[in-house]
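K.L.:
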Amino acid sequence: MIKETMSRQERFEAAVALERPDRVPVMPLMTAFAPRSQGITQGEAWRDPEKGFKAMLDTFNDLGGFDKLYKPNLFWPMIGGRFCSSPVRVLIPGRQLPEDALNQIDERELFSRDDYDKLAALGWNAFWDEHYEKMSGGRPMERVISAQNRLLDEYIRETEIYHSQDISPLFGAYVDSSIMAFSMARTLTQFTMDLYEVPDKIKAAMDASCDDLIQNALDVVSKTKIPLVFIVLERGSGFYYRLDIFEQFEWPYLQRYVDAFLSEGLTPWFHFDTDWSLNLPYLKQLPRGKCVCDLDGMTDIVKAKEVLGGHMCISGDVPASLLTLGTPEEVREYCHRLIDELGRDGGFFLTTGCECPVDAKFENVKMMIDVAKTYNGST
Amino acid sequence: MREVDKMEEELKKAFLDMKRQEVIDLVKKEIESGTELLDILKACRGAMEEVGKRFETGEFFLSELIYSAEVFKAVSAILEPGLVSTREDEDSKGVVVFGTPKGDIHDLGKNIVITMMRSQGFTVHDLGVDVPPETFVKELQRTDASILALSALITPAFVSMKEAVSLLEEKGMRDNIFVIIGGGVTTDFARKEIGADAHTLDPTEAIRLCEEYGERQS
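Protein sequence lines correspond, in order, to chains S and V. Residue numbers for the first sequence follow my numbering, so the first one is 3 and each next one is one higher. Residue numbers for the second sequence follow my numbering, so the first one is 139 and each next one is one higher.
1) Whole angstroms is fine: what's the gap from S/K56's alpha carbon to S/L65's?
2) Name the residue from V/T342, V/L288, V/R183, V/L347 whose alpha carbon lies nearest to the alpha carbon of V/F193.
3) From V/S230 to S/G345, what does the alpha carbon distance come to, in whole angstroms?
4) If you run the structure through DSSP and keep just helix, strand and coil, what is S/E357?
5) From V/G241 to S/Y164, what does the alpha carbon distance come to, in whole angstroms?
6) Look up V/H263 in the DSSP assignment and say whether it is helix, strand or coil.
7) If you draw a straight line from the alpha carbon of S/L327 to that of S/D69, how long is it in whole angstroms?
8) Mind checking who S/M29 pairs with in its DSSP beta bridge?
9) Does the distance from the C-beta atom of S/L382 to that of S/V333 stay below 8 Å?
10) Near S/E12, which residues of its chain fall below 8 Å by C-beta distance, leaving aside the five closest residues on each side in sequence?
11) Just how far apart, CA to CA, sit S/G238 and S/I181?
12) Is the CB-CB distance between V/Y205 and S/M195 below 8 Å?
13) Quick one: using the 10 Å Cβ neighbour count with 16 as the cut-off for buried, is S/R123 buried or exposed?
14) Over what stretch of residues does the alpha helix (DSSP H) that includes S/D221 continue unbroken?
15) Take S/G125 as the anchor and find which of S/Q106, S/L71, S/N151, S/K205 has the nearest alpha-carbon.
16) Going by DSSP, what residue range makes up the alpha helix (DSSP H) through S/I233?
17) What are the boundary residues of the beta strand (DSSP E) that includes S/C337?
18) My output table needs one value for V/A336: the three-state DSSP class, helix, strand or coil.
19) State yes or no: is the C-beta of V/P271 within less than 8 Å of the C-beta of V/E307?
20) What residues are listed by DSSP as bridge partners for S/H273?
21) Taking C-beta pairs closer than 9 Å, name the residues in chain S that V/F375 reaches, listed in chain order.
22) Using three-state DSSP, classify S/G54 as helix, strand or coil.
23) Can you tell which of S/M300, S/K307, S/P74, S/L288 has its C-alpha closest to the C-alpha of S/F274?
24) Hey, is the segment 182–193 of chain S in contact with the segment 152–168 of chain S, meaning 3+ C-beta pairs nearer than 8 Å?
25) For the segment 157–185 of chain S, which segments carrying the beta strand (DSSP E) assignment without a break, of at least 3 residues, lie completely within its bounds, in sequence order?
26) Which residue comes first and which comes last in the alpha helix (DSSP H) that contains V/V269?
27) With V/G361 and V/A290 assumed to form a contact (beta carbons below 8 Å), what rounded beta-carbon distance in angstroms separates them?
28) CA-CA distance, V/E226 and S/N105?
29) Which term fits S/V2, buried or exposed, when burial requires 16 or more other beta carbons within 10 angstroms of its beta carbon?
30) Could you compute how far the alpha carbon of V/S214 sits from the alpha carbon of V/A344?
31) Would you say S/F184 faces chain V, with C-beta separation under 8 Å as the test?
32) Please go through the same chain and pick out, in chain order, the residues whose beta-carbon is closer than 6 Å to the beta-carbon of S/L1, but skip the five residues on each side of it.
33) Roughly how many angstroms separate the alpha carbons of V/G352 and V/I318, rounded to a whole number?
34) Who does S/S317 pair with in a DSSP beta bridge?
35) Name, going along the chain, the residues of the segment 129–145 of chain S whose beta-carbon falls closer than 9 Å to a beta-carbon of chain V.
36) Taking only the alpha-carbon atoms, compute the straight-line gap between S/P135 and S/R141 and give it to the nearest angstrom.
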């Protein structure tokens, strides 16, 4: 074991600030894995929040503890509060899905192409206030607000319990990037058609929505008191779109997010699903040592280090397939390589590539955590 | 310039410029002027082939594949009713059974690849999402397909993929079926564990791998 000379929080802050911590901080982005590893179904954990919460805590302890807990519970939306993403429908285990299935997003068109003008006129919040009930087939907005507030209260209560046990949840709020929010509301295909056919309408709608999305996230952070905003990015990457689209529809808004969050003392965490290799150089325009670039395995993490090393903390990227199908020895080798390539000089956070899969082998997840606690890089 | 060449050129330009309505108007105009439906379809396939090539060279991105695939779908919907009698599988590049395995309901990637494959002359039987292994095997038997394509975004689908491959082995079909996997969560590591023949996250590479398999077989 590496002798620990920092608290979990100090270790995390050192990594973000590109300083060298006592050891590489580690965290599986764990949700559905917890109930599975505690022998309860996903349905049970969704129906009974206490059981879900206990499963998270027990799994954290069974794994020997780690530096940040992704979030206290396994629900979606990730935290309550006003819409920080598109109000997508989530299919719930034991309800719309089999009892032990993984919850999944039912992606469908939530508004039509004609609604961009309305979004441009009303902004994000007022648009959903007006549109939600119609879109959801009559579910009153008051019910949604009440549910969102309840979820948020629950999140705060759970966070306090964790804090009392020296466990700190990662994010104080989450928010979708502009392309992510709009793409999820229109579907990937329709949003892509829109980008080519009505780009000006999208631009106007995004211009009018950006401040609301930022403010919604800030409102949530003001209650959770956790100074980190988890920004969900997937669909604005060079995996999907050419750079001129990124430059018009993602980057300017992301810069506004970062400015707003940094000015409030919050850490922007970029959750970059898919391949962002082409977009990484843009991140060098952001302030040094203030943000986290979280990769899911599709972006070449070693190349990311070449681009962002010494400028931005990188997090990632033990692949889901390795955790599910691999052996502990294979996980060990992979994590050693990550620490050798990225972790020795600081600025690295060892995490799962996106979420820890529901059917990951316990011994593999444990190995990932143990490597961070025992290995500081080859000499 | 021959009329057919002119049509091919105009359609290709409209496809490559990402002009859905222009493509549709051109197709309708050609139908009205009596051009063979199969010639129109072939011209659209040629345009899609060029889209694929530009994607492979990095000039086009996935969004251009998504866009042109949607345009091709719209064109197919216009042409297909009249093509039924001529559109037999004799000029098919291969017959594919495609689906998202049991445990996963994501289909965005699958649908894009299927449209691209169809536009390139493959016959694709789409089984949808959450498909049990036995259903894949039954469909392979029913259609005499030689390619099984499995797409997934979450790891629970790995179990179903593995079961589908095992079932093929049990039934003595494995040697005659090319199994290709793709989708966000898949990796080459997963391919080996599952026992599939190929893995890709790239729609045009999926087509190329299936074409190469077809060439090896013939």
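Even for Gly, the Cβ is constructed at its ideal location relative to N, Cα and C.
P.N.:
Here's the rundown:
1) As a first step, residue 56 of chain S must be located in the first sequence, where it is residue number 54. As a first step, residue 65 of chain S must be located in the first sequence, where it is residue number 63. Roughly 14 Å between the two C-alpha positions.
2) As a working mapping, residue 193 of chain V is identified with position 55 in the second sequence. The residue with the shortest Cα to Cα distance from V/F193 is V/T342.
3) Taking the second sequence and counting its residues from 1, the one referred to as residue 230 of chain V is at position 92. Taking the first sequence and counting its residues from 1, the one referred to as residue 345 of chain S is at position 343. Taking the straight line joining both Cα atoms gives about 51 Å.
4) Your numbering for residue 357 of chain S matches position 355 in the first sequence. Strand.
5) Reading the second sequence from its first residue, position 103 is the one you call residue 241 of chain V. Reading the first sequence from its first residue, position 162 is the one you call residue 164 of chain S. Roughly 32 Å separates the two Cα atoms.
6) By 1-based counting over the second sequence, the position of residue 263 of chain V is 125. Here DSSP, grouped into helix, strand and coil, assigns V/H263 to strand.
7) Here residue 327 of chain S refers to the residue found at position 325 when the first sequence is read from its first residue. Here residue 69 of chain S refers to the residue found at position 67 when the first sequence is read from its first residue. Within the model, the alpha-carbon separation for S/L327 versus S/D69 is close to 25 Å.
8) Here the question's residue 29 of chain S lines up with position 27 in the first sequence. Under DSSP, the beta-bridge partners assigned to S/M29 are S/T353.
9) The displayed coordinates of chain S run from 3 to 381. Any statement about residue 382 of chain S would go beyond what the structure contains.
10) Position 10 of the first sequence, counted from the first residue, corresponds to residue 12 of chain S. Answer for S/E12: P23, listed in chain order.
11) Walking along the first sequence from the start, residue 238 of chain S turns up at place 236. Walking along the first sequence from the start, residue 181 of chain S turns up at place 179. Straight-line Cα distance between these residues: approximately 6 Å.
12) The residue you call residue 205 of chain V lines up with position 67 of the second sequence. The residue you call residue 195 of chain S lines up with position 193 of the first sequence. Result yes, Cβ atoms of V/Y205 and S/M195 sit closer than 8 Å.
13) Here the question's residue 123 of chain S lines up with position 121 in the first sequence. The question names Arg, but residue 123 of chain S is Ala in the sequence shown. Exposed: under 16 other Cβ atoms inside 10 Å.
14) Counting from 1 along the first sequence, the entry for residue 221 of chain S is found at position 219. Here the alpha helix (DSSP H) through S/D221 covers 201–226.
15) Locating residue 125 of chain S in the first sequence gives position 123, where the first residue counts as 1. Taking only the C-alpha atoms, the option nearest S/G125 is S/K205.
16) Walking along the first sequence from the start, residue 233 of chain S turns up at place 231. Element bounds for S/I233: not the alpha helix (DSSP H) but the beta strand (DSSP E), 230–235.
17) In the first sequence, counting from the first residue as 1, residue 337 of chain S sits at position 335. Careful: S/C337 lies outside any beta strand (DSSP E), inside the alpha helix (DSSP H) at 330–340.
18) As a first step, residue 336 of chain V is located in the second sequence; it is residue number 198 there, counting from the start. Correct three-state label for V/A336: strand.
19) For the purposes of this step, residue 271 of chain V is identified with residue 133 of the second sequence, where counting begins at 1. For the purposes of this step, residue 307 of chain V is identified with residue 169 of the second sequence, where counting begins at 1. The Cβ atoms of V/P271 and V/E307 do not sit closer than 8 Å to each other.
20) Taking the first residue of the first sequence as 1, we reach residue 273 of chain S at position 271. Bridge partners of S/H273: S/V234, S/D296.
21) No statement about residue 375 of chain V is possible, as the shown extent of chain V runs from 139 to 356 and does not include it.
22) Here residue 54 of chain S corresponds to residue number 52 of the first sequence, with the count starting at 1. Correct three-state label for S/G54: helix.
23) Translated into the one-based positions of the first sequence, residue 274 of chain S becomes position 272. Closest option to S/F274, Cα to Cα, is S/M300.
24) no
25) 175–178
26) By 1-based counting over the second sequence, the position of residue 269 of chain V is 131. V/V269 -> no alpha helix (DSSP H), and no H or E assigned at all.
27) This structure cannot settle anything about residue 361 of chain V, because the visible part of chain V is limited to 139 through 356.
28) To locate residue 226 of chain V, count along the second sequence from 1; it is residue 88. To locate residue 105 of chain S, count along the first sequence from 1; it is residue 103. Residue placement at V/E226 is poorly supported in this model, since its pLDDT is 47, which falls under 50; the coordinates are not used for a value here.
29) Lying before the first or after the last residue shown, residue 2 of chain S is absent from chain S, which here runs from 3 to 381.
30) The residue labelled residue 214 of chain V in the question sits at position 76 within the second sequence. The residue labelled residue 344 of chain V in the question sits at position 206 within the second sequence. Approximately 21 Å, taken between the alpha carbons.
31) Taking the first sequence and counting its residues from 1, one reaches residue 184 of chain S at position 182. Not closer than 8 Å to any Cβ of chain V, the Cβ of S/F184 fails to qualify, so no.
32) This structure cannot settle anything about residue 1 of chain S, because the visible part of chain S is limited to 3 through 381.
33) Taking the second sequence and counting its residues from 1, the one referred to as residue 352 of chain V is at position 214. Taking the second sequence and counting its residues from 1, the one referred to as residue 318 of chain V is at position 180. Approximately 13 Å between the Cα atoms of the pair.
34) Here residue 317 of chain S corresponds to residue number 315 of the first sequence, with the count starting at 1. According to DSSP, S/S317 bridges with S/D296, S/F351.
35) none
36) Taking the first residue of the first sequence as position 1, residue 135 of chain S is located at position 133. Taking the first residue of the first sequence as position 1, residue 141 of chain S is located at position 139. A small correction: the amino acid at residue 135 of chain S is Glu; Pro does not occupy that position in the sequence shown. Spanning the two alpha carbons is a distance of roughly 5 Å.
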